[in-house]
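*Asks:* Numbering (my numbering), first residue to last: 567 to 822. Structure below; questions to follow.
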DNA sequence: ATGTCACCTGGTAGGTGA
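Pasting the structure below:
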């Protein structure tokens with residue numbers, strides 16, 4: 567079973583690339599973030615014609631998530647139950663017995679910003695909900711744009727980024743707290759090339775200079791950990807014409 | 001430090017968010 571996550575930075579712009587990518591990689595599940603489409607504008611017909619089931623949850627201009635799967639997803643949940651959140655950031659469903667949660671964790675903008683407070687509160691709510699989800703669904707995958715670089719090795723210039731949003735101790739503590747629920751960062755289950763990033767700023771020729779951060783992650787529950795056979799960042803997709811600023815991340819699960 | 005992109009409102013740019 568192949569699962570993937572991709573922050574597409576506007577599905578309206580990136581739909582042709584998503585369709586090409588689905589055809590090329592044939593994932594069983596693809597979670598999208600930053601679709602930036604209201605639900606009435608979601609291109610479900612095109613994705614359905616590509617042979618995929620799709621669940622979506624969006625809003626105008628910002629955020630928006632989707633769960634694309636070969637077989638139908640059940641027990642759909644949109645956003646974190648109990649959290650009063652006007653922003654469309656989570657979509658969850660059960661696919662072939664695996665609980666899949668796609669999340670677009672808030673960026674936080676700046677440590678001095680109200681958006682940073684929102685991010686930290688949001689992460690607390692996510693963790694509390696995850697605890698109940700894990701109890702109900704031992705086979706669980708949490709993937710998406712976390713907007714957190716977990717360690718210095720996930721940052722092209724840790725000195726420049728020290729204490730900045732995406733890299734603060736508070737955010738990293740939240741990431742570790744998610745891990746402590748019984749999850750593993752699938753990417754770190756394997757040997758990986760150094761300087762592996764999932765996001766490169768559009769500005770400053772960052773991709774050309776490979777100045778990026780690893781902020782898109784796939785966390786797998788303890789029950790799935792031993793079944794993970796590979797986890798890679800699809801860097802070539804970031805070289806597309808008119809690319810998203812994020813590359814997809816993929817994980818392979820041994821069936822059975 | 002700041003060489004971009006996508007979206008909005010309401011324009012023949014400017015603001016916001018990432």
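Positions of the beta carbon are idealized from the N, C-alpha and C atoms, including for glycine. Owing to the predicted nature of the structure, the values given are computational and were not obtained by experimental measurement.
Exposed or buried, what is residue 666 when buried is set at 16 or more other beta-carbons lying within 10 Å of its beta-carbon?
*Replies:* Here residue 666 is buried. Its C-beta has 16 or more other C-beta atoms within 10 Å.
*Asks:* How close, in whole Å, do the beta carbons of residue 740 and residue 686 come, if the pair is a contact with beta carbons under 8 Å?
*Replies:* Yes, residue 740 and residue 686 are in contact; Cβ-Cβ is about 7 Å, under 8 Å.
*Asks:* Would you check if the distance between the CB atom of residue 705 and the CB atom of residue 764 is smaller than 8 Å?
*Replies:* no
*Asks:* Cβ of residue 798 within 8 Å of Cβ of residue 569?
*Replies:* no
*Asks:* Would you mind listing the alpha helix (DSSP H) stretches within the region 729-791 that are 4+ residues and don't spill past its ends, in chain order?
*Replies:* Runs found: 735-746 and 788-791.
*Asks:* With which residues is residue 649 paired in a DSSP beta bridge?
*Replies:* DSSP lists no partner for residue 649.
*Asks:* Taking residue 579 as part of the alpha helix (DSSP H), name the residues at either end of that continuous run.
*Replies:* 577-591
*Asks:* For residue 845, does the count of other Cβ atoms within 10 angstroms reach 16, so buried, or fall short, so exposed?
*Replies:* The structure shown does not extend to residue 845, since the chain spans only 567 to 822, so no value can be given for it.
*Asks:* Taking Cβ to Cβ, would you say residue 671 is nearer than 8 Å to residue 710?
*Replies:* yes
*Asks:* Per DSSP, residue 619 forms a beta bridge with which residues?
*Replies:* 635
*Asks:* If we count the other Cβ atoms within 10 Å of its Cβ and call it buried at 16 or more, is residue 776 buried or exposed?
*Replies:* So residue 776 ends up on the exposed side.
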